[in-house]
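All remarks here apply to the structure that follows.
Protein chains: 2
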Amino acid sequence: MSERIVVPAREGRAVEVEAGGRFCVVDLEGGQVADTFAFCADDVSEYHSAEHTRVSVDRLFPRPGEHFVTNRRRPILFFEEDATPGIHDMLCAACDPERYEGLGVEGWHASCEENLRKAMAALGHERIEIPQPINLFMNIPVDKNGELGWEPAPTKAGDHVVLRAEMDIVLAVSACPQDIVSINDGNPTPLAIDLL
Amino acid sequence: MSERIVVPAREGRAVEVEAGGRFCVVDLEGGQVADTFAFCADDVSEYHSAEHTRVSVDRLFPRPGEHFVTNRRRPILFFEEDATPGIHDMLCAACDPERYEGLGVEGWHASCEENLRKAMAALGHERIEIPQPINLFMNIPVDKNGELGWEPAPTKAGDHVVLRAEMDIVLAVSACPQDIVSINDGNPTPLAIDLL
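As you go down the protein sequences, you meet chains A and B in turn.
If you read the first sequence in this note's numbering, its first letter stands for residue 3, the second for the next number, and so on.
If you read the second sequence in this note's numbering, its first letter stands for residue 3, the second for the next number, and so on.
Given below as C-alpha cells:
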C-alpha cells in the first residue's frame with residue numbers, strides 16, 4: 003500500500019524516507035521538471051552531490067542500477083527504474099529569485115530554491131546548503147561543443163522514476179515553476195511522490 | 003611588475019585578490035590540472051558555482067570574454083585569455099580522501115580538498131564549503147551518450163589562463179595530486195599564480 007504526496011504545481015514538498023525505503027517521483031500530467039534533493043537525515047550538511055555522482059558513474063547522469071552519491075562519496079539513492087524517455091539533467095542549478103530577475107521578471111516569482119527551503123524548514127531544517135539538483139525529466143541536450151539546449155521535458159502523464167534510499171534521508175521535490183524558459187513548455191504542473 | 007606565487011606539486015595556495023585584479027594560472031611544466039576556486043572575500047559562503055555558471059553561459063565551460071558566476075549568480079571571475087589548447091573541466095568534484103580510498107589507496111594521500119582547506123585556513127577561513135572546482139587544463143571529454151573520459155591534460159609548459167576578479171575574492175589553486183587516474187599523466191607537477 004503506497005502513500006501519495008502530491009507536490010502542487012510551482013510548490014515543493016519534503017518527507018523523511020528510511021534507509022531501504024523505495025519511492026516514485028511521478029510526472030502527473032507530463033512535461034514537468036522535478037528538482038529532486040536528498041539530504042542525510044542525521045546531518046543535512048551531507049547531501050546528494052552532482053559532481054561526486056558524475057565521477058562515481060563516469061557519466062553526466064546515472065543509469066538504472068547505479069547510485070547517486072553524497073558530497074562524502076557515500077551512496078544515498080539507488081536508481082531502480084526509469085519509466086520515462088530516459089532524459090534527465092544534473093548540470094543546472096535550481097532556479098532562484100536571481101534567476102528570474104535575470105530573465106526580466108519583476109517582483110516575486112516562485113522558485114525551486116525557495117520551494118526547497120520552505121519544505122525543509124517545515125521539517126525543522128532551517129539551515130541548509132542548496133545542492134545542485136537532480137533535475138528529473140529535464141531536457142538539457144549537450145552538443146559536441148559543450149553547448150546546452152533548453153528543451154521541453156519529454157515525459158507523458160504518469161511517467162516516473164523509482165528510487166531507493168540507501169541511508170535515512172530527507173527527500174525534497176520541487177515542481178519547477180519555470181515558465182519563462184521552455185523546460186516545462188510554459189505550463190508548470192504538479193508532481194507526486196509515491197512512498198512504496 | 004607581477005608577483006609569482008608558486009604552487010608546489012601536490013599542494014595548494016590561496017591569496018586575496020582585489021576587485022579588478024588580474025592574474026594568470028600557469029602550468030609550469032605542462033600536463034598538470036589546476037583545481038581553482040574563488041570565494042567572495044566579504045562572505046566565503048558565496049563562491050564561484052559550476053552549476054550557476056553553466057546556466058549563465060549555456061555551456062559546460064565559459065569561453066574567453068565570459069564570466070564565472072557565484073551561487074548567487076553574481077559575476078566573480080572574468081575569463082580574459084586562454085593561452086592553452088582550450089580544454090578545461092567543470093564537471094568533476096575535487097579529489098578528497100574518500101576518492102583515493104575508493105581508488106584503493108591505503109593511508110593518507112594528498113588531495114585537492116585538503117589542499118583547499120589548508121590554504122583557506124592559512125588566511126583565517128577555517129569553515130568553508132567545498133565548491134565544485136574550476137578544473138583548469140583538465141581533459142574530461144564528454145561523448146554523445148554523456149560518458150566521461152579521463153585523459154591527460156594537453157597543456158605544455160608555460161600554458162596559462164588570464165582571469166580577472168570581479169569582486170574582492172579569495173583565490174585558491176591546488177596542483178592536483180591525482181596520480182592514480184591519468185589526468186596528470188601520473189606525474190603531478192607545480193603551478194604558479196602570477197598576480198598581474
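All residues carry an ideal CB built from backbone N, CA and C; glycine is no exception.
Is it right to say residue i is buried, meaning 16 or more other beta carbons lie within 10 angstroms of its own, or is it exposed?
| i | result |
| --- | --- |
| A/Glu48 | buried |
| B/Asp145 | exposed |
| B/Glu103 | exposed |
| A/Asn189 | exposed |
| A/Asn73 | buried |
| B/Glu20 | exposed |
| A/Asn117 | buried |
| A/Ser4 | exposed |
| B/Arg129 | exposed |
| A/Glu108 | exposed |
| B/Ala52 | buried |
| A/Asp149 | Reading off the sequence shown, one finds Glu at residue 149 of chain A, where the question assumed Asp. Exposed, by the Cβ-count rule. |
| A/Gly67 | exposed |
| B/Arg56 | buried |
| A/Arg1 | There is simply no residue 1 of chain A to check, as chain A begins at 3 and stops at 198 in what is shown. |
| B/Asp60 | exposed |
| B/Pro133 | buried |
| A/Gly22 | exposed |
| A/Pro143 | exposed |
| B/Glu13 | buried |
| B/Gly151 | exposed |
| A/Asn147 | exposed |
| B/Asp44 | exposed |
| A/Gly33 | buried |
| A/Arg15 | buried |
| A/Arg119 | buried |
| A/Leu105 | exposed |
Should residue i be flagged as near chain B, meaning a C-beta pair shorter than 8 Å?
| i | result |
| --- | --- |
| A/Gln180 | no |
| A/Asp37 | no |
| A/Ala123 | no |
| A/Leu150 | yes |
| A/Arg166 | no |
| A/Arg129 | no |
| A/Ala95 | yes |
| A/Arg75 | yes |
| A/Phe41 | no |
| A/Phe81 | no |
| A/Phe63 | yes |
Does DSSP put residue i in a helix, in a strand, or in coil?
| i | result |
| --- | --- |
| A/Thr38 | strand |
| B/Asn137 | strand |
| B/Arg65 | coil |
| A/Arg12 | coil |
| B/Ala155 | coil |
| B/Ser47 | coil |
| A/Glu18 | strand |
| A/Ile142 | coil |
| B/Ser184 | helix |
| A/Thr55 | helix |
Going by DSSP, name the residue or residues bridged to residue i.
| i | result |
| --- | --- |
| A/Lys30 | A small correction: the amino acid at residue 30 of chain A is Leu; Lys does not occupy that position in the sequence shown. Answer is none; A/Leu30 lacks a bridge partner. |
| A/His1 | Residue 1 of chain A lies beyond the residue range present for chain A, which begins at 3 and ends at 198; the question has no answer from this structure. |
| A/Val172 | A/Glu18, A/Phe41 |
| B/Leu197 | B/Glu5, B/Phe25 |
| A/Glu149 | B/Arg61 |
| A/Ala1 | The question about residue 1 of chain A has no answer, for chain A in this structure spans 3 to 198. |
| B/Ala177 | B/Ala36 |
Are the C-beta atoms of residue i and some chain A residue less than 8 Å apart?
| i | result |
| --- | --- |
| B/Ser199 | The structure shown does not extend to residue 199 of chain B, since chain B spans only 3 to 198, so no value can be given for it. |
| B/Asp2 | Chain B is shown only over 3 to 198; residue 2 of chain B falls outside these bounds and no answer can be derived. |
| B/Val144 | yes |
| B/Gln34 | no |
| B/Glu68 | no |
| B/His54 | yes |
| B/Gly126 | no |
| B/Glu100 | yes |
| B/Gly104 | yes |
| B/Glu46 | The sequence as given places Val at residue 46 of chain B; Glu does not occur at that position. So no, B/Val46 is outside the interface. |
| B/Val163 | no |
| B/Val57 | yes |
Completely contained alpha helix (DSSP H) runs for the segment 70 to 134 of chain B, where each covers 4 or more residues: 99 to 104, 114 to 124
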